[in-house]
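Okay, so here's the structure we're looking at.
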Ligand SMILES: Cc1cc2nc3c(=O)[nH]c(=O)nc-3n(C[C@H](O)[C@H](O)[C@H](O)COP(=O)(O)OP(=O)(O)OC[C@H]3O[C@@H](n4cnc5c(N)ncnc54)[C@H](O)[C@@H]3O)c2cc1C
């Protein structure tokens, strides 16, 4: 008897759980801001999220990069800035600090993200539904009319006039038949990282040692002086210590440079040092493998830090991120594909909806190192990157918008994802009002609505 490799699933009726004007799928940085922006024009908005908290990667212990441009001016404003202001009011965010390597750093307390996001959703009367996974779409010709969700209650439908895909992985777009690409020319994806934090770090000693001994501690691009001030920082480097620890202790350290990020507390840092090459988050067996390997790597990273890095002798692991963080998976093919050249040439587009400046920051798919390329100022993200080819009633926001592998390595930072989310939310609201497909929204009306919210465009002072 031949082995069974597929089964036939019977067609069945499923209940319609909800009908809404605008449905946002995914409650990460792009999704939270998209839902808020969409609701501000008085429409009925629903946000669905597969996990039990809002924030996506905002909760894994990374700073928000990219609020400032290369010239030091603030280029991400509007609703993303209002989100930071709310966090700041609770003591959960720092100022935007210019950084020679990362352009700008904004530290946040990941524990407060969920609370702030909920406050906003409540104020905006966004109907939030958690613990539901978007597992399919309902289509009528080229139009996406809704999604199928799976939960403990089974399979249900949610119908919407417009849908915004903020899943990071482009799940809604992929299931709607939108062409999606993955990785570089060989399909290589930037590797994921399981973040964790350490408390009990003597940051005073760390700062003093690093800034006082530039020959001993190799720091990438950032002058050692930067660490002297009692301010937030991201340290990238210590290559020589990593080589030493591998030789002396045989530690499994997958990166050639340490990334150490100050937290919001005086004795706290977040560590970004595990890397698992070849992980594809759209394949559960691959994602599972990544979780297991990164946990093991982090064990050796802790041994490295406590033995070789000044200030870490008495430090302990306080919290591991709730999931393995994904840098790259699907990218949709949209009406325009943003390229590395567009970024490096600071390109202007007539249908600009967000401005960004973060460098092309590529963690090599095969592991080891990272390459960074900066544009001298900032660049535009055109609305067409949010619009999938052929499929209607669907807008995409966040890291899965239409870019090349190289351009994704720049637009992926969270301030940019939030800004793109804001544009997507406003565009969805206008599409409902104008009763047109998102691709046909009046661009000047969209830009005007964004400017009214305080969004930065380069024609402004
Ligand atoms: C290790 C690491 C370090 C990074 N460092 C930085 C940094 O220092 N600074 C910075 O600004 N950026 C950094 N980034 C990049 C940044 O975190 C991401 O690119 C960004 O968060 C993407 O935002 P998003 O909203 O598109 O997706 P996500 O943050 O991934 O959010 C997507 C949300 O959708 C939900 N979801 C997914 N699929 C479904 C589904 N089918 N149904 C329902 N819900 C779903 C998820 O649960 C999640 O909440 C880093 C990324 C990683 C992985």
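Numbering (this note's numbering), first residue to last: 151 to 611. Glycine included, C-beta positions come from ideal geometry on N, C-alpha and C.
Selection 600, 482 and 227 evaluated against residue 317 yields 482 as nearest (Cα-Cα). For residue 251, same chain residues with a beta-carbon under 8 Å away, outside a window of 5 residues either side, are 370, 371, 372, 384, 386 and 522 in chain order. Taking 8 Å as the upper bound for CB-CB distance, residue 284 and residue 426 are not in contact here, some 26 Å apart.
Taking 8 Å as the cut-off, the C-beta of residue 370 does not count as close to any heavy atom of ligand 1.
Counted as a single uninterrupted DSSP element, the beta strand (DSSP E) harbouring residue 513 occupies residues 510-513. At a cut-off of 4 residues, the continuous stretches assigned as alpha helix (DSSP H) that sit fully inside the stretch 334-368 are 353-362.
When Cβ pairs closer than 8 Å are counted between the two stretches, the stretch 574-585 is seen not to touch the stretch 343-360, the count staying below three. Between residue 528 and residue 507, the beta carbon gap of about 4 Å places them in contact (Cβ cut-off 8 Å). Going by beta carbons, residue 271 and residue 168 fall outside the 9 Å limit. For residue 453, the secondary structure class from DSSP, reduced to helix, strand or coil, is helix. Annotation for residue 237 indicates a beta carbon at 8 Å or more from all heavy atoms of ligand 1.
When the five nearest sequence neighbours on each side are left out, the beta carbons in the same chain lying within less than 8 Å of the beta carbon of residue 288 are those of 294, 295, 296, 297, 298, 307 and 309, in order along the chain. For residue 180, the shortest separation between its Cβ and any heavy atom of ligand 1 lies below 8 Å.
Excluding five sequence positions before and after residue 225, the CB atoms of its chain that fall closer than 6 Å to its own CB belong to 219, 505, 507, 528 and 606, given in chain order.
The Cβ neighbour count for residue 444, taken over all protein chains shown within 10 Å, is at least 16; the residue is labelled buried. For the 9 Å CB-CB criterion, residue 242 and residue 414 form a contact. The C-alpha of residue 207 lies about 15 Å from the C-alpha of residue 411. In the three-state reduction of the DSSP assignment, residue 307 falls in the strand class, which pools E and B. Note on residue 486: 16 or more other CB atoms within 10 angstroms of its CB, so buried under the neighbour-count rule. The residue from 439, 161 and 600 with its alpha-carbon nearest to that of residue 344 is 439. Shown here, residue 458 sits in a helix according to DSSP, grouped into three states. With a contact defined as Cβ atoms closer than 8 Å, residue 292 and residue 542 qualify at about 5 Å.
Within the DSSP bridge table, the entry for residue 286 names 298 as partners. In the three-state reduction of the DSSP assignment, residue 248 falls in the strand class.
With a cut-off of 8 Å, the C-beta of residue 515 is classified as distant from ligand 1, since no heavy atom of the ligand falls inside that distance. When distances are taken from the beta-carbon of residue 283 to the heavy atoms of ligand 1, the shortest one is below 8 Å.
The beta carbons of residue 489 and residue 557 sit closer together than 9 Å. Distance check between residue 194 and each of 513, 588, 575 and 200 places 575 closest, using alpha-carbon atoms only.
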